[in-house]
Amino acid sequence: MRKPANSSVPLADLITRRWSPRALDETGEVSWDQLRALLEAARWAPSFGNTQPARYLVGRRGDDTFTRILGTLTKRNQSWAHRAGALLIAVMITRNEKGEIPYAEYGLGLAGQNLALQAIAEGLVAHQMAGFDPDAARREFAVPDDAVPRVAIAVGVQAEPEVLGEERDVQRERAPRRRLPLAEFAYTGAWGRAAF
Ligand SMILES: Cc1cc2nc3c(=O)[nH]c(=O)nc-3n(C[C@H](O)[C@H](O)[C@H](O)COP(=O)(O)O)c2cc1C
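Just so we're on the same page, my numbering is the position in the sequence shown counted from 1, plus 898.
And the structure:
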């Protein structure tokens, strides 16, 4: 199922096609070559002063890391993310030899969007999740104190919404995607004065 961005002008194809499905094919594979491409995309994101605050923990379905990442997710996210071909945790590095890294979360976010767009280019989908236990991830993978597990990411092969089982979840998967109107999003002249 496609849910393209309903934009007022045509956008770059990957941006139009990206969304966050929960319906994933439990037999769909995500190869190490594909994961390499996703992580290369993330690695080449811009960051403040090229401080590169993003790091990733990566597991493929069936391996030990996948199972341990899955165990850190909320029950709600586990209910669909167990069908992912790969699970990742994006970790934010907060300090380097010069002290605190400015804009570290911004940098992690930019890396995450690169990763999500590259997933589309690979014929996959990526779904980010705040619903996981960062402390459990820290313990599980011995993440050092100056690094913060910030978001989990399910990467997989999209499936039909019915794989979700419960009608409520199928409906949510089918629901239209919504955004603020452009007039409430970009201003010119003064705050609140629509640019478009
Ligand atoms: C930081 C972040 C945390 C999110 N956490 C969750 C989550 O825990 N569970 C979930 O199902 N979706 C989660 N999402 C997905 C958002 O709900 C989704 O991106 C948003 O509704 C916009 O939809 P779209 O990505 O399909 O355009 C998260 C997204 C982001 C960026």
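The C-beta atom is built at its ideal place from N, Cα and C for all residues, glycine as well.
All figures in this text were calculated on a predicted structure; none of them were measured in a lab.
Quick one: residues in its chain with C-beta nearer than 6 Å to the C-beta of residue i, no 5 flanking neighbours on either side, listed in chain order?
| i | result |
| --- | --- |
| L922 | R981, A982, G1054 and A1057 |
| S918 | H1025 |
| A939 | N1012, L1013 and Q1016 |
What are the partner residues of residue i, as DSSP defines its beta bridges?
| i | result |
| --- | --- |
| I991 | A1045 |
| M899 | Beta-bridge pairing links M899 to no other residue. |
| L922 | Q1056 |
| G1090 | Its beta-bridge partners do not exist; DSSP assigns none. |
Near residue i, what residues of its chain come up, given a Cβ to Cβ distance below 7 Å and the 5 sequence neighbours on each side ignored?
| i | result |
| --- | --- |
| G926 | G983, G1054 and V1055 |
| L933 | V956 and A984 |
| R916 | A1014, L1015 and I1018 |
Using only alpha-carbon positions, find the residue among the options that is nearest to residue i.
| i | options | result |
| --- | --- | --- |
| S977 | E1064, F946 and L1078 | E1064 |
| R953 | F1030, R1037 and T992 | T992 |
| R974 | M1027, E1082, A1040 and S906 | M1027 |
| S945 | H1025, G1029 and M990 | M990 |
| V1023 | I913, A1081 and T972 | I913 |
| A1081 | S929, A939, S905 and M899 | S905 |
| R900 | D961, P1059 and F1083 | P1059 |
| L986 | A943, W930 and L1062 | W930 |
| G1029 | A1052, A1009 and R1066 | A1052 |
Stretch pair the segment 1013-1021 + the segment 1078-1088: three plus CB contacts closer than 8 Å: Output reads no: the segment 1078-1088 does not touch the segment 1013-1021.
- prompt: On the three-pair Cβ rule with 8 Å, is the segment 992-1000 touching the segment 1071-1079?
  reply: No, the segment 992-1000 does not touch the segment 1071-1079.
task: Would you check if there are 3 or more beta carbon pairs closer than 8 Å linking the segment 1030-1045 to the segment 961-972?
output: The segment 1030-1045 vs the segment 961-972: in contact.
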